[in-house]
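Some notes on the structure that comes next.
Chains as they are written, first to last, in my numbering: chain Y, 164 to 454; chain C, 673 to 1283.
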């Protein structure tokens, strides 16, 4: 139905979805930008975050602990993956990196499936964000407003870390030229480890934040991964601001198109991606020649 | 040695085809012994067909697509729809139309996805494939049955005129699939051994140089993409025929992923690898699920195997066996001693007919050429002209803009301002491939070779561009049948003094030999003007002498422009010298004039040569 309240509500849905996509994409893009590795396990890490949060919630009944534990768990998994596998692929062709992360993603999904089965799991929203909030012109689920706030705050925090701290400066320098950073006497491999952990955590954190809005299934990361790719292609690989702009854009496209006809929302996303590729192949905020 | 280069210019071997025929013929007798039925064998063949195209795309051309399900599904649903809607009665015709439809979709998708390379390409193919899944599921559900798929796909009956064969399920279906599989294999083998197959491998190993020696690499990549889509479409159609039902799962990301995993497990760049991978996958599925009682965790087992293979045995099962066979079966050829070929010096530069430039006019001219990178001017207002047959030297301190100037001349870099003329016609924005095709190319300051191939196979790539032009679809022609190709390669080998080293891999060459091969790649495009970017850099005294002799040999019938820091060589070889300084032309004249030029002495030579 095309009514104004419906439109506003979809606009807000788009913002909430978009800020989550921005968060996940920021994780993917800083990993790619710094390490040069396209992480196809990113969707699986998103899913893993949701399940880790689910377990923590079942144990403690505390949403806050679920978020912290879920994010922390995925970060540790990220550290382990970087130490155990990813770092041996820095000097191998891009195709090998893609293949190995693709395989890791499958293994994670199947491990979760083996442990939790195919039936979906749910995490309720925290008590303070349950129910609906009247916004004057319409009523809206409180938790979705919370998602928007949490994701925006996290993006802001990530921005401050990346652009206002010493370690962030090293990471950004690593995105420009990792070899040079290494030659300047900074242990760039320790930075790589950190970045992979943070990037993985961004995905896992988004997974648990998103958990009360959807139901958890082992396959849920696949669609998110595809949407994240579209976001990164639209925004430009390796660009933090590109991930934010692309994420919000993708969220609104998905949301507003589904108001007209849900069947076309993913298709419309692809149309926008193609348009960007034709008009500006390096992405909206991407730098030419950085691939 | 890498895929695609294997067996170049060697006698055609029918061994793989023969083995394929024998294995397919005995499989029905052996399979029941290990409790494998015709259905599983049929599926392996379908995935194998799917894999022929994918291996040409990924293994040969180096384009890793995660979107092949789009074409598998498109071909499958086109064929299934035509048959179930009774628009086409003949199954073979419907399969052919499905294949063509998938190829057409491949062209359109390829035009979009191939705008980028590497990880962008992988991401775009993923996104496109997902879009097809959504299209199939909803907007197109009137034709595809949406979530239900299309049931009731008929089995084929072949009317051979004198006898009509009705293919049912079971073993008759196996023979039907085996026949199509064999045809698919023969065609894929021919493509791999055709000039196009070799160019695809060159694009994988060094796209920049493949374009610079005169191949329209974008068109070739689109060709590989379309071939892969066609194979996928055929396989999709056959899946519908085998099952009597076209499942919507054909369009899912899992289909693309399974193809990638099977190909890597079996071995990329081997053509038959994906079939082996499919066999491992389908047997493994049954074995893990029922044999070991793992149930639904079978995918976990195969996922772990896949990760292990990527980490440890990247060339997969077939590649691993080939490596073992090479280690134990055949002793690598002993390094052949460096033999000087007496004929080399007397060889005349080969020439294909090209319009001659009027005498007195420059063959290559730059007018007011400038290149700015942001605020930095690499070249400003360069005017430069070379006469036919001249050997021109360009000198200047590091950072004087010599390399950028060369890149603009060959179309690798677009000038900010100014024009370039070759034989009197403007070539300013033609691009490096076109410029090479009309007879102007350069050798690189840093070697740009095809590192996984032998010397001979390296020279094949530019020679192909010279024989065949920028793009030609001779997919089924054997490389041995390209007229003049072998002679071209032998001639260049002799000229480079590398005849005795022709079958040595690039990685095993000495530095000086690599440098000569670098010049050889440019030379084999048969340029009338050859630009040489520091050909003597980093050479030992002996290598330097040999390369200077090569330069003297190749100047017959050619115009050469030489950027070099080796002053003795330049002043010895060049008839005229142009001096670059801070992006501009500082002076130009005979070596004697340049030696006496006080500006040059001050700016560059620092009085060393002043005496």
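Where a beta carbon is used, it is the ideal one built from N, C-alpha and C, also for glycine.
Unbroken alpha helix (DSSP H) runs of no fewer than 4 residues, entirely contained in the stretch 211-255 of chain Y, are found at 226-247, following chain order.
The beta carbon of residue 933 of chain C lies closer than 6 Å to those of 978 in the same chain, with the five residues before and after it left out. When Cβ-Cβ separations below 7 Å define contact, residue 449 of chain Y makes no contact with chain C. Listed in chain order, the non-local C-beta contacts of residue 981 of chain C below 7 Å within the same chain comprise 936, 937 and 988, local neighbours out to five positions each way being set aside. Rounded to the nearest angstrom, the Cβ distance from residue 882 of chain C to residue 1133 of chain C is 6 Å, consistent with a contact under 8 Å.
Residues of chain C whose Cβ lies closer than 9 Å to the Cβ of residue 276 of chain Y are, in chain order, 968, 969, 971 and 972. Around residue 270 of chain Y, the beta-carbon contacts reaching into chain C at under 7 Å are 972, 975, 976 and 979.
In the displayed model, residue 1044 of chain C falls within a strand according to three-state DSSP.
For the stretch 780-806 of chain C, the set of residues with a beta-carbon nearer than 8 Å to any beta-carbon of chain Y comprises 784, 787, 788, 789, 790, 791, 792, 794, 795, 796, 798, 799, 800, 802, 803 and 806, in chain order. Contacts between residue 1048 of chain C and chain Y, judged by CB atoms closer than 8 Å, are missing: the closest CB pair is about 16 Å apart. In the three-state DSSP reduction, residue 392 of chain Y falls in the helix class (H, G or I). Within the model, the alpha-carbon separation for residue 1057 of chain C versus residue 784 of chain C is close to 40 Å.
Along the length of the stretch 1124-1195 of chain C, whole alpha helix (DSSP H) runs at least 4 residues long occupy 1127-1140, 1157-1168 and 1183-1195, reported in chain order. Interface residue (Cβ-Cβ distance to chain C less than 7 Å): residue 439 of chain Y is not classified as such. For residue 1116 of chain C, same chain residues with a beta-carbon under 7 Å away, outside a window of 5 residues either side, are 1190 and 1205 in chain order.
Contact with chain Y is found for residue 811 of chain C, since one of that chain's Cβ atoms lies less than 7 Å from the residue's Cβ. Residue 803 of chain C and residue 779 of chain C have their C-alpha atoms some 16 Å from each other. Using a C-beta cut-off of 8 Å, the stretch 874-881 of chain C makes no contact with the stretch 694-713 of chain C, since fewer than three inter-stretch Cβ pairs fall below that distance.
By the neighbour-count criterion, in which 16 or more other beta carbons inside 10 Å mark a residue as buried, residue 294 of chain Y falls on the exposed side.
If you look at residue 986 of chain C, you'll find it isn't in any alpha helix (DSSP H); DSSP assigns it neither H nor E.
Here residue 939 of chain C carries a coil assignment [DSSP, helix/strand/coil]. A buried status is given to residue 953 of chain C, since no fewer than 16 other beta-carbon atoms sit within 10 Å of its beta-carbon. Around the C-beta of residue 441 of chain Y, fewer than 16 other C-beta atoms lie within 10 Å, and the residue is accordingly described as exposed. The Cβ atoms of residue 1199 of chain C and residue 1111 of chain C sit closer than 7 Å to each other.
Between the stretch 1240-1257 of chain C and the stretch 1057-1076 of chain C, the count of Cβ pairs shorter than 8 Å is three or higher; the stretches touch. Boundaries of the beta strand (DSSP E) harbouring residue 830 of chain C: 829-831, taken from the DSSP string. Of Y/213, Y/402 and Y/254, the smallest CA-CA separation from residue 195 of chain Y is found for Y/402. Annotation: the stretch 292-319 of chain Y contains no complete segment of the alpha helix (DSSP H) (minimum length 4 residues).
Where residue 1062 of chain C is concerned, there is no enclosing alpha helix (DSSP H), because DSSP gives it neither an H nor an E. Interface annotation for the stretch 371-402 of chain Y against chain C: 385, 386, 388, 389, 392, 393, 395, 396 and 400, criterion Cβ-Cβ distance under 8 Å. Of the candidates C/812, C/1255, C/850 and C/991, C/1255 places its Cα closest to the Cα of residue 1070 of chain C. Residue ranges of uninterrupted alpha helix (DSSP H) with 4 or more members, entirely inside the stretch 1067-1092 of chain C and ordered along the chain, are 1074-1081.
Interface residue (Cβ-Cβ distance to chain C less than 7 Å): residue 290 of chain Y is not classified as such.
Fewer than three Cβ pairs drawn from the stretch 296-309 of chain Y and the stretch 233-249 of chain Y lie within less than 8 Å of each other, which leaves the two stretches out of contact. Counting C-beta pairs with one atom in each stretch, the stretch 770-778 of chain C and the stretch 894-909 of chain C have three or more that are closer than 8 Å, which means they touch. Residue 741 of chain C is positioned such that its CB atom lies no closer than 7 Å to that of residue 897 of chain C.
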